[in-house]
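Here the working numbering is used: the first residue of the sequence shown is 752, the next is one more, and so on.
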Amino acid sequence: MGYLAAWKILEEMIIEFRKKGVEIPSKVMNNLKSARTMIKILMADPCRGETMQKIEEYLGNVESYLISEGQKKFGVQYVDKWLQKLDKANKEIVKEEEKAARFVPGIPKENKWIRIKPTSELPIEKVKEMAEQSNLSYNIQNDGCLVVYGKDTQIKEFVKKMATKYEAKARK
752 MGYLAAWKIL EEMIIEFRKK GVEIPSKVMN NLKSARTMIK ILMADPCRGE
802 TMQKIEEYLG NVESYLISEG QKKFGVQYVD KWLQKLDKAN KEIVKEEEKA
852 ARFVPGIPKE NKWIRIKPTS ELPIEKVKEM AEQSNLSYNI QNDGCLVVYG
902 KDTQIKEFVK KMATKYEAKA RK
C-alpha cells in the first residue's frame with residue numbers, strides 16, 4: 752500500500768482547505784504528523800505489523816475528517832475528485848529511490864538523517880545518548896529539534912531502538 756503517496760494527497764487536501772479558509776483542527780494535524788512519523792519507522796523496519804495498523808488508523812482519521820468537511824463545504828463532486836486521487840495513491844507502491852529526501856545544511860551528502868522533536872517521554876538527553884551509542888552524530892536546531900545523522904544502516908537501527916523504547920514507555 753502506498754502510505755507515503757496517500758499521506759501526500761491528504762497533505763495537499765489540507766493545503767487546499769486552508770487556502771479556501773477552512774480551519775483544520777490540531778487533532779487532525781497531529782494525526783497527519785503521526786502518520787508521517789510511523790511511515791518513516793515502517794521504512795526503517797518493514798517487519799513491524801503494528802506500525803502499518805497505526806499508519807492506517809492515523810491516515811483514516813485524517814481522511815474521514817477531510818472527506819466529511821469537504822462534502823459539507825464544497826460538495827460531492829469536489830470530494831469525489833480527491834477520493835479518486837486517494838484511491839490511486841493507496842494502490843501505488845513507492846520505490847526506495849523515490850523516497851522524499853531534503854537537504855539539511857551541515858550534514859555530509861553521503862549521510863542519512865532523521866529529525867527528532869524531543870518530548871517529555873523521550874527527552875533530548877536520552878536521544879543524544881542513544882545517538883552516541885549508535886555511533887551517530889547530531890545537531891541541535893534552533894527550534895529545539897535534534898537532527899541525528901550517519902550511515903543508513905546505523906540510522907535504521909537507531910529508529911528501531913527509538914521505536915522500541917518509545918513503545919515500552921507508552922505501554923507503561
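Every residue, glycine too, gets a C-beta built ideally from N, C-alpha and C.
{"query": "One or two residues paired with Trp864 in a DSSP bridge", "result": "Tyr900"}
{"query": "DSSP-derived helix/strand/coil call for Ile858", "result": "coil"}
{"query": "6 angstroms CB neighbourhood of Lys846 in its chain, flanking five on each side removed", "result": "Low per-residue confidence applies at Lys846: pLDDT is 42, beneath 50, and the placement is therefore not dependable, though the value from the model is reported in the following sentence. Same-chain partners within the cutoff: there are none."}
{"query": "Three-state secondary structure assigned by DSSP to Asn812", "result": "helix"}
{"query": "Option in Ala882, Gln905, Lys805 with minimal Cα separation from Ala786", "result": "Lys805"}
{"query": "Rounded Cβ spacing between Ile766 and Lys836 (contact assumed at less than 8 angstroms)", "result": "Between Lys836 and Ile766 the Cβ distance is about 13 angstroms, and since that is not below 8 angstroms, they are no contact."}
{"query": "Whole-angstrom distance between Phe825 and Lys770, CA atom to CA atom", "result": "13 angstroms"}
{"query": "Nonlocal neighbours in the same chain, by C-beta distance under 8 angstroms from Gly821, ignoring five residues either side", "result": "Met764, Phe768, Tyr829, Val830, Trp833"}
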